[in-house]
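All residue numbers for the sequence shown refer to our numbering, where the first residue is 11 and numbers rise by one.
Glycine is no exception: its CB is placed at the ideal position from the N, C-alpha and C atoms.
Only a predicted model underlies this, so the values are computations on that prediction, with no experimental measurement involved.
Comments concern the structure below.
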Amino acid sequence: MQIASAKNCCFKFLHNQLGIDQSIQQMANKGMEKVMITEEDLAQQFNLIIEHTHPQVWKLLSQCYVKVIVPHPHLTRVNIKTCIRHAKYIGIYCPDRLISGVLEQKKLLKEVAEYLGLVEVVCLNANHLMRDPLSNLKQTYPQLWLDLLWIVTQEK
């Protein structure tokens, strides 16, 4: 029942709170043909929808790091049946204490992600990523490393 209402909640929220119809009309009036939505915008929209439509899930998600991930083309498989070009998905980096609660809500989160045009929700344990001795996350993505360090060290 909770999952079935996810699309309706998203639709109502976007139209009522964000004024999607008005925004589309304004863009059409200005003659804008293409509007670029960044990964950060998608992550913010995802968080905003969860916050307003599912406050209990938001209590968990607000303590996690949510990021839209676009796999590099050379990392996707060549087989046409399994390759989705430029498919974006939501990565939710959770501390140890929250990972099980977020995984319980994964179906709901996936419904919201699909509504935004994303293909999957992936939950990652931030504690394990930070403790991995073979990880080069700190050198490769220092901002992500700092964000993960922040959520791992928070107590609640």
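Inset, instruction - Determine contact between the segment 154-161 and the segment 113-130, defined as no fewer than three beta-carbon pairs at a distance below 8 Å. - result: Between the segment 154-161 and the segment 113-130, the count of C-beta pairs closer than 8 Å stays below three; the two stretches do not touch.
Inset, instruction - On a CA-only basis, which of A136, Q149, L119 is nearest P65? Give me that one, please. - result: L119
Inset, instruction - Taking E165 as the reference, give the member of P105, E61, L126, D142 with the closest Cα. - result: Out of P105, E61, L126, D142, the CA that lies nearest to the CA of E165 is found in P105.
Inset, instruction - Return the chain-ordered list of same chain residues with a C-beta closer than 7 Å to the C-beta of V76, the five sequence neighbours on each side being excluded. - result: A53, F56, N57, I100, I102
Inset, instruction - Ignoring anything shorter than 3 residues or poking outside the segment 56-83, list the beta strand (DSSP E) runs there in chain order. - result: Taking only runs of at least 3 residues, the beta strand (DSSP E) segments lying wholly in the segment 56-83 are 75-79.
Legend entry - 8 Å contact criterion, which L108 and Q73 should meet: CB distance rounded: 6 Å
Inset, instruction - Taking E121 as the reference, give the member of E50, R141, I59 with the closest Cα. - result: I59
Inset, instruction - Spell out the partners DSSP gives L134 in its beta bridges. - result: Y103
Inset, instruction - Please work out which residues of its chain come closer than 6 Å, Cβ to Cβ, to E124, disregarding the five sequence neighbours upstream and downstream, and give them in chain order. - result: Non-local beta-carbon contacts of E124 in its own chain, meaning distances under 6 Å to residues more than five positions away in sequence, are absent.
Inset, instruction - Step through the CB atoms of chain C and report whether any lies within less than 8 Å of the CB of I100. - result: Annotation note: the requested chain C is absent from the structure, which comprises a single protein chain.
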